[in-house]
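With the working numbering applied, the sequence shown closes on residue 851, and no number is skipped along the way.
Take a look at the structure set out below.
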Amino acid sequence: MKPSLLFYVQHLLGIGHVYRARRLCDALHEAGFDLTLVTGGLPVKILSHTPFRVVQLPPLRTSGTDFAGLVDENGKPADEEYLARRRDELLELAKTIGPDIVITEAYPFGRRQVRHELKPLARHLKDQGGSKLLCSIRDILQENRKPGRDTETVELLNTFYDGVLVHGDPRIAKLADTFPRTADIAIPVYQTGMVAPPAQTPLPRSDEVLVSAGGGVVGETLLSAAAVAARDERLSHLNFVLSTGPNLPAEARERLHALLPANAGTVPFIDNLPQRLAGCALSVSQAGYNTVADILVAGAKSVLVPFATDGETEQTVRATALARLGRAVHLPETGLTPQRLADAMVRALSRNPAEIEIDLNGARNTAGILKNLM
């Protein structure tokens, strides 16, 4: 009989958490787990066709980039009744499945906005017994700005959890780099490597500059700067492809189109992205986890402009590390201008990325770790 696994993921703003979860779940399914993915964000296309079961909770998203409030799919503030319905559905699902393993993505390091349902889930699993509970986190954590949060995280881990899966390579970052209480975690911490797509046969070399900003909801600044930078005479021989993502607001898309020169165009999504990255002249992007994983697999030249609004630190730490390793050019979002972006692109085009050994087999390694826990 296949071991059963319940994987919980909640995206609130972008869709990066879901992409990483999908790659992990594909590997876990292939490894023989009877997998159920439960998602609590707005429905996304990447989960519309899967070889495993997907359960959608009543959707939640953040009301702004500061993650201060939660709203439903219609933008209405999520009240206690709505949140209680989600909690009850999640608990009922866990009782019905009786999973051998449960994975919570981000929590308790992050996603405190949904602790109303995840702490009861953890308590239920501990009371019932028989299930191993693990936390799945990316390589770099957002720095906590509120006193006591790290202590609370450690207490939750040591009370309810059986392990932490850190999906990163220590050459880029160690958990202790962004979580100062790492030494106080009493359960196993597994460094899995980065969760990246399999290497693809590259398309023929092209003159494309692939510009992306994740799902697009916070990408207008970068996309607009790239559209104007495409006019620079040093870059005019290149073909700029700007990926707006599915969530760029319509007004922002109109403003962007007004800036486009003849050698630039927009697409909602870049088809065959791993293959096109492997053959492109240059990648210009934010420094989100999945984007960086794609770039590293492809070996593409890269300019990273990390998202740093509202005190976000994760992408800046990642971009700084990759620049230090000679793997990318890092351009801070603060003070970003088309001229500075054009200069950074010229620098990146003029040199080859450093060859560094980074473990990109995080999905398969995770499946192996969980198999050994059974």
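Note that CB positions come from ideal geometry on N, CA and C, so glycine has one too.
1. With which residues is C612 paired in a DSSP beta bridge?
2. May I ask you to list the residues that DSSP assigns as paired with F717?
3. Could you tell me the distance, in whole angstroms, from the CA atom of A840 to the CA atom of R615?
4. Whole angstroms is fine: what's the gap from G670's alpha carbon to K479's?
5. Just to confirm, are V453 and L634 a CB contact at a threshold of 9 angstroms?
6. Just mark K778 as buried or exposed, buried being the case when its beta carbon has 16 or more other beta carbons within 10 Å.
7. Around the C-beta of V718, are 16 or more other C-beta atoms found within 10 angstroms, so that it is buried, or is it exposed?
8. Is Q590 helix, strand or coil by DSSP?
9. Under three-state DSSP, which class holds V531?
10. For L519, write down the residues that DSSP places opposite it in a beta bridge.
11. By DSSP, does Q677 sit in helix, in strand, or in coil?
12. Suppose you measure from the CA of F746 to the CA of A796; what does that come to, to the nearest Å?
13. Could you tell me the alpha carbon to alpha carbon distance between V774 and T630, rounded to whole angstroms?
14. Who does H807 pair with in a DSSP beta bridge?
15. With contact counted as at least three CB pairs below 8 angstroms, one residue from each stretch, are the stretch 700-716 and the stretch 665-682 in contact?
16. Going by alpha carbons, who is nearest to G645 out of M851, N849, K848, E834?
17. Please list the terminal residues of the continuous beta strand (DSSP E) segment that includes Q816.
18. When DSSP builds the beta bridges, which residues end up paired with Y485?
19. Going by DSSP in three states, Q619 sits in which element: helix, strand or coil?
20. For E697, which residues from the same chain have a beta carbon less than 6 angstroms from its beta carbon, with the 5 sequence-adjacent residues on both sides left out?
21. Count the other CB atoms within 10 Å of the CB of R801; is the residue buried (16 or more) or exposed (fewer)?
22. Could you tell me whether the Cβ of S481 comes closer than 9 angstroms to any Cβ of chain D?
23. DSSP state of R538, grouped into three classes?
24. Which two residues bound the contiguous alpha helix (DSSP H) that contains L725?
25. Looking at the structure shown, is P657 part of a helix, part of a strand, or coil, going by DSSP?
26. Nearest to N716 by alpha carbon, out of Q677, C757, Q816?
27. What first and last residue would you give for the beta strand (DSSP E) that runs through S760?
28. Please state if the CB of R588 and the CB of L595 are separated by a distance shorter than 9 angstroms.
29. Residue range of the beta strand (DSSP E) that V672 falls in?
So, from the listed chains and residues:
1. T581, V641
2. V686, A741
3. 12 angstroms
4. 25 angstroms
5. Nothing about residue 453 can be read from this structure; the chain reaches only from 478 to 851.
6. buried
7. So V718 counts as buried.
8. helix
9. strand
10. Looking at the DSSP output, L519 bridges to nothing.
11. coil
12. The straight-line gap from Cα to Cα measures roughly 23 angstroms.
13. Taken atom to atom, the span from the alpha-carbon of V774 to that of T630 is near 32 angstroms.
14. L781
15. no
16. If we check each option's Cα against that of G645, E834 comes out closest.
17. No beta strand (DSSP E) holds Q816; the alpha helix (DSSP H) holding it covers 815-826.
18. Beta-bridge annotation (DSSP): Y485 is paired with V515, T581.
19. Looking at Q619 - three-state DSSP - the assignment turns out to be coil, as it is neither helix nor strand.
20. A729
21. exposed
22. Here chain D cannot be found, since the structure has a single protein chain.
23. It is a strand residue.
24. Looking at the DSSP string, L725 is not in any alpha helix (DSSP H), and its letter there is neither H nor E.
25. Three-state DSSP puts P657 in coil, outside helix and strand.
26. In terms of CA proximity to N716, C757 leads the group Q677, C757, Q816.
27. Here the beta strand (DSSP E) through S760 covers 759-762.
28. yes
29. Run containing V672: none; DSSP gives neither H nor E here.
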